[in-house]
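Structure first, commentary second.
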Amino acid sequence: MGSGRNVAVFGAYGHTGRFVVAELRERGYIPLLLGRDQDKLLALTQPGLEARQSSVDDPPSLDRALNGAAAVINCAGPFVTTAAPLVEAALRAGIPYVDVAAEIEANLDTFAHFAERARAAGIVVVPAMAFFGGLGDLLVTTAMGDWTAADEAHIAYGLSSWHPTGGTLASGAVSGRRRGGRRVRYTGGRLEYHDEALPTLEWPFPAPLGPQSVIGEFTMADVVTVPSHLAVPEVRTYMTAKAAADLTAPDASAPAAVDKHGRSAQTFVVDVLVRSGGTERRVVAAGQDIYAISAPLAVEAVDRILTGRTRTAGVASAGAVFDAPDFLRALSSHLSLHVPLDTHG
Ligand SMILES: NC(=O)c1ccc[n+]([C@@H]2O[C@H](COP(=O)([O-])OP(=O)(O)OC[C@H]3O[C@@H](n4cnc5c(N)ncnc54)[C@H](OP(=O)(O)O)[C@@H]3O)[C@@H](O)[C@H]2O)c1
């Protein structure tokens, strides 16, 4: 242990955790399989991999589980329960922490509660290092280019469908309860809770997807990550109406694997537009399976942290910690990227 290649994965046997474990192995890291259920851990264990049962209610078990780890990736959500105990354990162990939390309030808590201590300790803590929150932030940061401020950032999610996991549904329910059932949007440079109906509009996704009906103010973790380091007072996220309906359908089913990587047939396009004065800049990313793509995002983050390719320490979002265009280029086998020229309105 302690080779510098051991990376702990908390929630290793969850849907996303399994993708992260596989990606770590693919990249030559040795995943340490962490989770609260010994039987589920044992079912996942393969020769050469070590499983360590550990619980957020038992900090010494987390300390034992992180012994010899170079970093930890937290894939166990709802993160309202798991993020703080795992960040605390990472700080005690003196190792970087990355999570895939999509819960707006949990991500805000990570910034609020750990920013000072993580910075003082020189430890990198990256919340929302996944499809929602992380990818959008990398794309907005890339689209901004040399701009340090913009009037608006729009992130439109073109999902072909959305078969949610149990973790997604549980996290959505927790976030909903924390908001007292209210809706949230980022406007005027702050989060605003409200009870208004969400607008439906048409978003002009580029070909081949083309224009799609989307739900506006379908607010995702990007409203935490983007404003954490970029001066953009309006950050809006949109979701294809069909995928939004899939998510809330009473008979919603879990994702089913269709290829040898375990990916589902779901495809995504993330169309990012930033606007400053009369100029717009746009970056578009496309790929397959929002859960699967979260693994290369999280593992690339850990790899960059462990190899010193970071811009800051403390709690920070993907776009603040990493060279965003370079990070996205590194994912070219998972993401196709299109950066059109500036347009002037
Ligand atoms: N930001 C993004 O784009 C993104 C992408 C992927 C996933 N996520 C988030 O990641 C989380 C997991 O998603 P998933 O797709 O992997 O769901 P999943 O397949 O249902 O797995 C959930 C995992 O979390 C574990 N877990 C839940 N509560 C726990 C607790 N209190 N202590 C220890 N382990 C706990 C579960 O363990 P048990 O089986 O023992 O309960 C399981 O391993 C969700 O919050 C989801 O929203 C976000």
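The sequence shown stops at residue 643 when you use my numbering, and every number in between is there. The beta-carbon is built from N, C-alpha and C at its ideal position, and this holds for glycine as well.
Shortest gap from the CB of F566 to any heavy atom of ligand 1: 8 Å or more.
In the structure shown, the three-state DSSP call for E324 is helix.
Beta-bridge partners of L340 (DSSP): none assigned. Rounded to the nearest angstrom, the gap between the Cα atoms of P394 and Q344 is 25 Å.
The segment 598-607 and the segment 530-540 do not touch, with fewer than three beta-carbon pairs separated by less than 8 Å.
A direct Cα-Cα distance of roughly 25 Å separates R417 from L437.
For D335, the secondary structure class from DSSP, reduced to helix, strand or coil, is coil.
In terms of Cβ geometry, A320 and Q336 do not form a close pair [threshold 9 Å]. Taking the CA atoms as reference points, L633 sits about 16 Å from D557.
For T440, the three-state secondary structure derived from DSSP is helix. Under the Cβ criterion (8 Å, minimum of three pairs), the segment 375-383 counts as touching the segment 397-407. In this structure, the alpha-carbon of L332 lies about 13 Å from that of T314.
Following the DSSP letters along the chain, one finds V521 inside the alpha helix (DSSP H) bounded by residues D520 to T523.
Counting only residues of its own chain and dropping the five nearest sequence neighbours on each side, G326 has no CB closer than 6 Å to any other CB.
The segment 502-575 is shown to contain whole alpha helix (DSSP H) runs of 4 or more residues at 520-523 and 539-546, in chain order. A residue is called buried once 16 or more other Cβ atoms fall within 10 Å of its Cβ, and P358, having fewer, is exposed. Residue pairing by DSSP places N372 opposite F308 and D397 in a beta bridge. For V482, the CB contacts under 8 Å within the same chain, skipping 5 residues up- and downstream, are I402, L489, E490, Y491, H492, T517 and V521 in chain order.
Taking 9 Å as the cut-off, the Cβ atoms of S352 and L342 do not count as close. With respect to W501, D407 sits apart: the two C-beta atoms are not nearer than 9 Å. Sequence-distant Cβ neighbours of N304 in its own chain, meaning closer than 7 Å and more than five residues away, are I328, L330, G366, A367 and A368. Burial is judged here by how many other beta carbons sit within 10 angstroms of a residue's own beta carbon; T439 has at least 16 and is buried.
For the options T466, D624, V512 and A447, the alpha carbon positioned closest to that of G575 is the one of A447. Distances between the C-beta of Y589 and the heavy atoms of ligand 1 include at least one below 8 Å.
In terms of Cα proximity to S630, the closest of I591, A614, I603 and N372 is I591. Annotation for A399 indicates a beta carbon within 8 Å of some heavy atom of ligand 1. Residue side-chain check: S469 places its Cβ nearer than 8 Å to a non-hydrogen atom of ligand 1.
Apart from sequence neighbours up to five positions away, the residues of its chain that approach R609 with a beta-carbon distance below 8 Å are A618, V619, F620 and D621, ordered along the chain. Contact between A593 and V424 is absent: CB atoms are separated by about 15 Å, not below the 8 Å threshold. Around the beta-carbon of D444, fewer than 16 other beta-carbon atoms lie within 10 Å, marking it exposed. For R334, the Cβ falls inside the 8 Å cut-off from some heavy atom of ligand 1. Contact between W460 and D544 holds, since their C-beta atoms are separated by about 4 Å, short of 8 Å. The closest CA to that of A542, considering only P462, L604, A614 and F412, is found on P462.
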